[in-house]
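Numbering (this note's numbering), first residue to last: 9 to 444.
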């Protein structure tokens with residue numbers, strides 16, 4: 009976190025603006041307090057032995073990465089640092105270079121929410137390395153999503169929190185809170201490296217990975233983008249997405265790698281047109297890389313986001329995958345890139361459609377009850393959240409960023425038969441195929 013004179017701020021405030029992908033730092037002034045202020049086809053992708061699930065599927069890594077990544081806390085002025093240390097340039101955003109010295113990488117960096125976690129000089133040394141490509145992809149995804157959210161909200165600014173992890177790497181957390189449209193929206197990236205703990209290595213082995221350590225150490229690199237967005241209006245759905253890349257170097261120098269991620273929608277009320285649009289957009293992204301991908305990853309998503317004690321899913325699904333390590337790095341990377349590019353077109357039209365819908369106190373109450381289910385899944389079943397909570401050095405506030413600001417539990421609440429509330433419950437208990 010960056011400490012500035014006067015009001016505490018996690019970094020520069022950002023709003024949508026012209027140029028640089030329609031995003032730029034609109035002001036270097038101190039952030040206002042929350043709630044104020046102006047607002048090619050492949051040969052088919054494969055995956056490792058645990059493709060059908062198994063203990064702590066690597067999607068669990070998504071929340072663990074989110075924990076390491078440090079999405080800013082709900083109260084911007086009270087972020088706990090945990091094992092993170094602030095970067096000296098954290099509050100300044102991308103470092104300017106003289107125009108005559110700018111290359112393509114420097115120009116791209118000017119469009120990000122902050123400078124890349126990895127120094128530009130290091131990225132220039134390895135332009136073809138997958139770690140470089142993935143870091144740039146997640147930075148671009150973060151900026152594009154933040155831009156789209158800021159344009160829709162129009163009433164709140166993103167707080168940009170750039171941080172460093174003492175054990176290696178760091179990240180950039182962008183949080184919009186108490187806006188006109190969004191109650192809470194976080195879009196975070198992390199680029200971390202170091203040695204896997206024995207616990208983490210054991211969990212990876214438990215899902216079929218053979219990892220050969222040296223003196224109990226396994227060097228790793230991991231990076232990803234993770235986001236949860238909670239709108240205020242009960243007719244506008246919540247979305248979650250994350251996409252990540254993981255690399256481990258074994259004792260003999262052999263490198264193992266894989267990708268994971270997904271995107272899912274959680275509406276309070278069922279709107280079939282919205283469900284079809286969301287799933288159709290994801291299917292189109294998947295179909296560019298193989299006709300079998302969407303149905304496989306759609307089912308995986310339905311199976312993963314299941315609240316067992318309630319007998320229902322968290323939402324209406326989307327896609328979910330992990331341990332993708334074939335046919336090649338490039339082909340899987342292109343698939344992941346297609347998925348990241350589908351986030352904005354799959355979701356933003358739905359928010360624009362419903363953000364000004366009228367709603368009743370009863371509908372707002374139902375939204376609060378459904379958010380309670382969201383909390384239950386994340387705390388009780390999401391393996392990444394649990395992994396993060398028990399990992400030394402994790403940032404607890406960041407792990408819990410996915411939770412809504414408000415939720416509600418009522419004793420023995422049951423919706424009326426044939427009501428709109430009962431309609432969404434039926435879909436959550438019996439997932440549908442929205443596109444064919």
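We put the CB at the ideal spot given by N, CA and C, even for glycine.
These figures come from a predicted structure and were not determined experimentally.
Cβ contact annotation for residue 417 (same chain, cutoff 6 angstroms, sequence separation greater than five): 380, in chain order. The segment 315–322 makes contact with the segment 369–389, as at least three CB pairs between them are under 8 angstroms.
For residue 169, the three-state secondary structure derived from DSSP is strand.
Annotation: residue 371 to residue 242 spans about 7 angstroms, alpha carbon to alpha carbon. Annotated three-state conformation of residue 333 is strand, per DSSP.
Residue 253 carries a strand assignment under DSSP once its states are collapsed to helix, strand and coil.
Under the 10 Å beta carbon count, residue 262 is surrounded by fewer than 16 other beta carbons and is classified as exposed.
For residue 182, the enclosing beta strand (DSSP E) has its first and last residue at 177–185.
Relative to the Cα of residue 352, the nearest Cα in the group 384, 273 and 424 belongs to 273. Secondary structure of residue 258 (DSSP, three-state): coil. In the structure shown, the three-state DSSP call for residue 112 is helix.
With a threshold of 16 other beta carbon atoms within 10 Å, residue 413 falls short and is exposed. Cβ atoms of residue 357 and residue 285 come within 8 angstroms of each other, at about 7 angstroms. The Cβ neighbour count for residue 279, taken over all protein chains shown within 10 Å, is at least 16; the residue is labelled buried. Ranking 258, 266 and 235 by CA distance to the CA of residue 408 puts 235 first. It is roughly 33 angstroms from the alpha-carbon of residue 346 to the alpha-carbon of residue 174. Counting C-beta atoms within 10 angstroms of its own C-beta, residue 259 has fewer than 16 neighbours from the protein chains shown and is therefore classed as exposed. Of the candidates 187, 154 and 176, 187 places its Cα closest to the Cα of residue 363. For the options 118, 158, 133 and 110, the alpha carbon positioned closest to that of residue 360 is the one of 158. The Cβ-Cβ distance between residue 131 and residue 145 does not fall below 8 angstroms. Per DSSP, reduced to three states, the secondary structure at residue 227 is strand. By DSSP's assignment, residue 264 forms a beta bridge with 256.
C-alpha of residue 277 to C-alpha of residue 283: approximately 11 angstroms in a straight line.
Measuring C-alpha to C-alpha distances from residue 435 to each of 343, 295 and 275 identifies 275 as the nearest. Taking 8 angstroms as the upper bound for CB-CB distance, residue 203 and residue 184 are not in contact here, some 35 angstroms apart.
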